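In what follows, a single structure is set out as structure tokens and then discussed.
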Amino acid sequence: SVSGESGEIVEDVDQVTLYSYKVQSTITSRMASTVIQARVVNNSPQPQSAVFDVQIPKGAFISNFSMTVDGTTFTSSIKEKTVGRALYSQARAKGKTAGLVRGRALDMENFKTEVNILPGAKVQFELHYQEVKWRKLGSYEHRLHLQPGRLAKHLEVDVWIIEPQGMRFLHVPDTFDGHFDGVPVISKGHQKAHISFKPTVAQQRKCSSCSETAVDGELVVMYDVNREEKAGELEVFNGYFVHYFAPDNMDPIPKNILFVIDVSGSMWGIKMKQTVEAMKTILDDLRAEDQFSVVDFNHNVRAWRNDLVSATKTQTVDAKKYIEKIQPSGGTNINEALLRAIFILNEANNLGLLDPNSVSLIILVSDGDPTVGELKLSKIQKNVKQNIQDNISLFSLGIGFDVDYDFLKRLSNDNRGIAQRIYGNQDTSSQLKKFYNQVSTPLLRNVQFNYPHMSVMDVTQNSFHNYFGGSEIMVAGKVNPDKLDQLQSIITATSANTELVLETLAEMDDLEDFLSKDKHADPDFTRKLWAYLTINQLLAERSLAPTAAAKRKITRTILQMSLDHHIVTPLTSMVIENEAGDERMLADSPPQDHSCCSGALYYGSKVSPSSVPSWANPAPTAMIPMPVIGAPVVETTPPTHVMRVEND
Amino acid sequence: PHFIIYLPNSQKNICFNIDSEPGKILNLVSDLESGILVNGQLVGAKKPKNKKLSTYFGKLGFYFQSEDMKIEISTENITLSRGSHRSSLSWSDTAHVINQRVLVSVKKVRTVTITLDREMSFSVLLHRVWKKHPTNVDFLGIYIPPTNKFSPNTHGLLGQFMNEPKIHIFNERPGKDPAKPEAIMEVKGQKLLVTRGLQKDYRTDQVSGTDVPCWFVHNSGKGFIDGQYKDYFVPQLYSFLKWP
């Protein structure tokens, strides 16, 4: 047995002992890098299998893995998929496996390694992954899935958050049903915070005499940053820039929204029940100036109203009644359903019934592929593209795993929207509502990011159809170091018939001082964010590529970037080998799923970053005539130190 | 607040000041005909000095009726409302907001310029003081260049001078304080004792301003302005002045 410091018995003789389980996460301005390290000892007289099973967010990129078994160290390298597979097949490690498998929980996937160890042997696993924090509903959430599987002599979780803008709030909700009340220790400054979670063995126990661990869930850190300028925060560092844009303090723009709901037989049961529940809340949340309708479809297509109606109380009550009566049955005709919704919006637009300042959204909720009418997905995509007017954004929510998520993603990305996977379980309703709330408050339209004077290169998508309150748009790129010592940005956008031109400036060395002072800060965060955004956007563009040649070109770029930035993407694998190179494992991303759920709410487009729209250069105000020095019709209140005629 | 009125025909600067209670709203421009309104709300210093509490403009309201547009500028932020739609900027922003005929330009922690039809403009200057100053508070200045775009019946503490009154200044002589000459100014049928002094224009040099020599009218401008200053109090930031 192995006794911990306090003399407790950690494991009985024939078990593998978890000596330490350490998680270190650093968020440097939205870029999160996490390291999970576990050390186990085989205390039994028999060979044992040691499993290192870690859940990581689906949108994360794994960047490194190492394993030391009894002094033999396995390190990882990133290879193109076929190359990786070839290397693996040449020297399969005996009694050792590694791989990425589809996660069981929401938006998670598992990195799992299993190794057979001899009696008394020690193993250390260490995994590195990176992810971007997307702002949702007014805050960033950092989730660390803790699943050591057994009591750990040393269990230490440290999260550092470094945000140059300063943190508006930081909160660690109780996600362990009160079991670890008071254990997370938060120390927070203006721009930095540290959250430490280090339960003792006794605190880990499910109950005082239990040998199971209660550490099985997520440590969640929520925070938001201060925002002084409406033009957002421009951060330049190490040759890259990141631009964060999340203005608030403006009234929502009216929206015209069409809910297109799959009521085919496969929706029967909890899915329909949860969808109806969600729709009831969503309809309640519509604003009086919004217009809406509901299209429900199976092998037939129906509509609650064949035209848009204002979201008055009576209308939403009526729509709710309609939805409650739905009985799912029959096939799935996505094509007709979408065309009906598009027709309703187009018709309203053509008849001038839409507020010119409004935005139009379609939210498709479906749990399966088409089984009736047009079945060819590419044809459906083409039909939608040909019919939808460019003022409409299409969002697709795919429930469960029977729906071809890639199809929904292409469908939405092609039409100014995004797709999201929804899990068909008891919290489908909250997922649907959470998604709706992310797009329920359009604040700006036609948001374009410009960086004049040819000062930047390789800019990610910089033109977006909408901006929704509570979220954040990120744009990144390389800066032209020999150009300027400042980077200027001009953002143009429209808010309810008002054109906005927002300017901001960043010094090239603004962050030098700040980041150099903190040993946890990741000096590479701008480059990583840029790479992360670029690869994700390329992955989406790749699926929309019009020709095979274009697709190949994008594939080459993604592959090269994945290799350059040493990350596992759908095009690369991680080969894990010992020093001699005669024992190898292969960690491959799940074939078709990895492109799912990067977390980004926006899919924009690229326009030349130095093409400021003409209207955005308002003629400077006519120079104020000053016929007598300093003496036009003025009014001023000078400071008292000026000799002057005081009041009498 | 101190007022400097430039009279282009007589090429003279006339100045006066008004001190009242924090919270009071003074009408600066009231043009019912073209639907243009400018009001200023007073803010007081943190505490009196020499038993006298200085007041400044802490908030300015602009209303353009034809656009149904209100622009409220305080020392903290700039709020634009058009009909029921509202959005706000902060003094940390550098931005232009273009609303068909109205352009609002914010220059970070410096000026807000409001231009109507590219012809009429108003500039608002932010004066930020040391937060911990024992008496001073942030305040605003407003500048309205001469224009003939207002309607003839425009009124208000500033608006009334869009129609320039005739003045005649004579009998200039040393004043009680040798550094402050005095004179008689004949205006609107009255003879007022005026004193020579200096005011400041901060548009080019926001810190120390540019000297503006002027003839100071005492008694809160009485005799030079129509009626007396209390006549220009209005109840709300967007109330037109009822005159007479």
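Going down the list, the protein sequences come from chains Z and V.
For the first sequence, the numbering used here gives the first residue as 1, with consecutive numbering after it.
For the second sequence, the numbering used here gives the first residue as 649, with consecutive numbering after it.
Beta carbons are placed, not taken as given, at the ideal position from N, Cα and C, and that holds for glycine.
Bear in mind the structure is a predicted one, so any value in this text is a computation, not a measurement.
Using a Cβ-Cβ cut-off of 7 Å, N256 of chain Z does not count as an interface residue toward chain V, since no Cβ of chain V sits closer than that to its own. For the stretch 228-245 of chain Z, the set of residues with a beta-carbon nearer than 9 Å to any beta-carbon of chain V comprises E228, E229, K230 and A231, in chain order.
Interface criterion not met: the Cβ of H803 of chain V is under 7 Å from no Cβ in chain Z.
Shown here, E669 of chain V sits in coil according to DSSP, grouped into three states, outside any helix or strand. Residue nearest to L559 of chain Z within the set Z:L444, Z:S573, Z:P184 and Z:Q203 is Z:S573 (criterion: CA-CA distance). For Y654 of chain V, the enclosing beta strand (DSSP E) starts and ends at H650 to L655. Note that the C-beta distance between Q191 of chain Z and K528 of chain Z is not below 7 Å. Residue environment: Q90 of chain Z is assigned as exposed (fewer than 16 neighbouring CB atoms within 10 Å of its CB, all protein chains considered).
Nearest C-alpha to M768 of chain V among V:V750, V:R758 and V:V785: V:V750. Across the stretch 739-755 of chain V, CB contacts with chain Z closer than 8 Å involve S740, D741, T742, A743, H744, V745, I746, N747, Q748, L751 and S753, in sequence order along the chain. For V115 of chain Z, the three-state secondary structure derived from DSSP is strand. Judged by DSSP secondary structure, I567 of chain Z falls outside any beta strand (DSSP E); it is assigned neither H nor E. Sequence-ordered contacts of the stretch 150-171 of chain Z with chain V are nonexistent [C-beta pairs closer than 8 Å]. Taking C-beta atoms as the reference points, I195 of chain Z and V225 of chain Z fail to come closer than 7 Å. Chain Z has no Cβ within less than 7 Å of the Cβ of R821 of chain V. The beta-carbon of L737 of chain V is placed less than 7 Å from the nearest beta-carbon of chain Z.
In the structure shown, the three-state DSSP call for M267 of chain Z is helix. Rounded to the nearest whole angstrom, the C-alpha separation of K707 of chain V and E724 of chain V is 9 Å. In this structure, I576 of chain Z lies near F74 of chain Z, with their beta-carbon atoms less than 7 Å apart. Taken atom to atom, the span from the alpha-carbon of D367 of chain Z to that of Y21 of chain Z is near 39 Å. Residue pairing by DSSP places T97 of chain Z opposite Z:E114 in a beta bridge. At least 7 Å separates the CB of L397 of chain Z from every CB of chain V. Three or more beta-carbon pairs separated by less than 8 Å are not found between the stretch 760-777 of chain V and the stretch 249-257 of chain Z, which leaves the two stretches without contact.
Interface flag for R776 of chain V against chain Z is unset, since no Cβ pair is found closer than 7 Å. Per DSSP, the continuous alpha helix (DSSP H) segment holding H866 of chain V begins and ends at H866 to G869.
If you keep only unbroken beta strand (DSSP E) runs of at least 3 residues inside the stretch 336-421 of chain Z, you get 359-366 and 392-399.
Contact between the stretch 798-811 of chain V and the stretch 681-689 of chain V is established, with three or more Cβ pairs separated by less than 8 Å. The stretch 160-171 of chain Z and the stretch 24-36 of chain Z touch, with no fewer than 3 CB-CB distances between them shorter than 8 Å.
The continuous stretches of beta strand (DSSP E) do not include R85 of chain Z, which lies in the alpha helix (DSSP H) extending over residues K81 to Q90.
Beta-bridge pairing by DSSP links N466 of chain Z to Z:R445. Listed by position along chain Z, the residues whose Cβ is nearer than 7 Å to that of H733 of chain V are D251 and A496. Straight through space, the alpha carbons of V785 of chain V and K779 of chain V are spaced by roughly 8 Å. Secondary structure note for N747 of chain V: its beta strand (DSSP E) is the uninterrupted segment T742 to N747. In the three-state scheme derived from DSSP, where H, G and I count as helix and E and B as strand, F197 of chain Z is classed as strand. Here G189 of chain Z is exposed: its Cβ has fewer than 16 other Cβ atoms, across all protein chains shown, within 10 Å.
Remark: C-beta atoms of V686 of chain V and L676 of chain V approach each other more closely than 7 Å.
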